[in-house]
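This report concerns only the one structure given below.
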Amino acid sequence: MTRSTALPFARPDITDEEKEAVLRVLDSGWLTQGKETDLLEEEFARYTGAANAVAVNSATAALHLGLVGMGLKGGEAVLVPALTFTATAEVVHRCGALPLLVDVDPQSYLITVETIERFLDAECHRDERGLVHTASGARIRGIICMHYGGRSCDLEALQELCRREGWFLGEDAAHAFGTLYRGTPIGQHGDFCAFSFYATKNMTTGEGGMLTTPHDTVAHRCRRLRLHGIETPAHRRKNYYYDVVDEGFKYNLSDISAAIGRVQMRRHDSMMMRRRRIHETYSAHFAGLEGVRPCPDSSGSSHHLYTIEIDPALSGRDDFSAAIESHNVRTGLHFIPLYRMSHYRIRYGREEAGLEEDSWKKRYPGSERIFERILSLPIYSSMSDDDIQDVVKAVKAAHATMQDELRQKNPG
0 MTRSTALPFA RPDITDEEKE AVLRVLDSGW LTQGKETDLL EEEFARYTGA ANAVAVNSAT
60 AALHLGLVGM GLKGGEAVLV PALTFTATAE VVHRCGALPL LVDVDPQSYL ITVETIERFL
120 DAECHRDERG LVHTASGARI RGIICMHYGG RSCDLEALQE LCRREGWFLG EDAAHAFGTL
180 YRGTPIGQHG DFCAFSFYAT KNMTTGEGGM LTTPHDTVAH RCRRLRLHGI ETPAHRRKNY
240 YYDVVDEGFK YNLSDISAAI GRVQMRRHDS MMMRRRRIHE TYSAHFAGLE GVRPCPDSSG
300 SSHHLYTIEI DPALSGRDDF SAAIESHNVR TGLHFIPLYR MSHYRIRYGR EEAGLEEDSW
360 KKRYPGSERI FERILSLPIY SSMSDDDIQD VVKAVKAAHA TMQDELRQKN PG
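Structure representation (structure tokens):
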């Protein structure tokens, strides 16, 4: 039976505890960046094992500050995965540099040393500056890896490559709060790491993010940069004098958001355990569906996304999605590769950036394969057992429908 109301693709898990925390801040009279934000940073650093944590208003802001902290500038380039959200690449452009789109592994959906080396062999050369992107002449300065769906990249291998080339390693951990890499939390490995607290994420503040870095000087500068380059924020001043000592942005997090985040952090382990159980339930039910590949598993995953791959021999991805949604279960797509986006193709030039359409499958075989097949299903801690079963039933019903249509097309 089809649900009477639509099951949303994502929904934040908010309780009375978060509401009470917001009211406490409202009653305090101090709503902007203040003591709650300081406490969130301290608690986040402890949870992740990071040396420094800087609260900001989005993961995009965290990525941008991380790049500024690394000294990225015009005439330089950064390697980013082709299969990611636009923020991973747009922050490189914001620094005046060139994002270079690297294919991902078709099994893990992650950027790897192997996919990077294939890109370097095909698109780059070495001169006295180091490795240079041949078409643009931009010197490569670093990598931003992206922990897709909550599964960690091979950070040790990426760190070794960066050490060898003198590059920085940034991490887009928008999906990865709570993810473990070889038993240690994401947030303490690269030169900087950016987390998202957007409304759909495992931990939310509505809008928000966090930058972690092992470099004290980078953290100190980023704390200034997030608030107009002001040396001392208002809640720490002893009088009304202040000094602007650096360039700056409006990236600070409010105490209202920080209060929500502190509660979410306390609840996070139980929320992630619920996600893990949903993941396991889905995989158990979908393992026997011919033409459907269940989500890749990882013992250290945060289980931010649950994706399935649809074999084109069974059905087109869009048709399979429509069949699921006919049962009032919403689906998602993570992601449309960046080289398919008009902005990147127009801004950087199809030939210069390798974005001409007839080269997609050759340049980005992993990303193309994933994009043509992948579909994201609802997975969030506030789902009821009935919600979970509704997703299972909708996927199985869609699978049966596609099989029936296939038999009708090929009756023999």
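Under numbering that gives the first Met the number 0, the sequence shown is numbered contiguously, ending at residue 411. Positions of the beta carbon are idealized from the N, C-alpha and C atoms, including for glycine.
query: Based on DSSP bridge pairs, tell me the residues matched to His132.; result: Cys123
query: Suppose contacts are defined by Cβ-Cβ distances below 7 Å. Is Ser301 in contact with Gly208 by that definition?; result: no
query: When the Cα of Ala81 is compared with those of Val391, Leu376, His342 and Ile335, which residue comes out closest?; result: Ile335
query: Compute the distance between the beta-carbons of His132 and Ala88, then report whether it is under 7 Å.; result: no
query: In terms of residues, what are the limits of the alpha helix (DSSP H) holding Pro364?; result: Pro364 to Arg372
query: Do Ala397 and Ala322 count as a contact pair if the criterion is CB distance below 7 Å?; result: yes
query: May I ask you to list the residues that DSSP assigns as paired with Val390?; result: Looking at the DSSP assignment, Val390 forms no beta bridge with any residue, so it has no partner.
query: Entirely within the segment 27–70 and at least 4 residues each: give me those alpha helix (DSSP H) ranges in chain order.; result: 34–47 and 58–68
query: To the nearest angstrom, how far is it from the Cα of Asp385 to the Cα of Ala96?; result: 48 Å
query: Do you know how far the Cα of Ala86 is from the Cα of Met145?; result: 11 Å
query: Determine the extent of the alpha helix (DSSP H) in which Ala258 is found, giving its start and end residues.; result: Asp254 to Phe285
query: Could you tell me which of Gly260, Leu252 and Gln388 sits nearest to His283, measuring between CA atoms?; result: It should be pointed out that residue 283 corresponds to Ala in this sequence rather than to His. The shortest Cα separation from Ala283 among Gly260, Leu252 and Gln388 belongs to Gln388.
query: On the DSSP bridge list, what partners appear for Ile307?; result: Leu374
query: Enumerate in chain order the residues of its own chain whose CB-to-CB distance from Leu109 is below 7 Å, with the five nearest sequence positions on each side excluded.; result: Val103, Tyr147, Arg150 and Cys152
query: Give the single residue among Glu246, Leu224, Tyr305 and Met382 whose Cα lies nearest to the Cα of Pro7.; result: Met382
query: Considering Cα atoms alone, identify which of Arg329, Tyr180 and Pro377 is closest to Ala5.; result: Arg329
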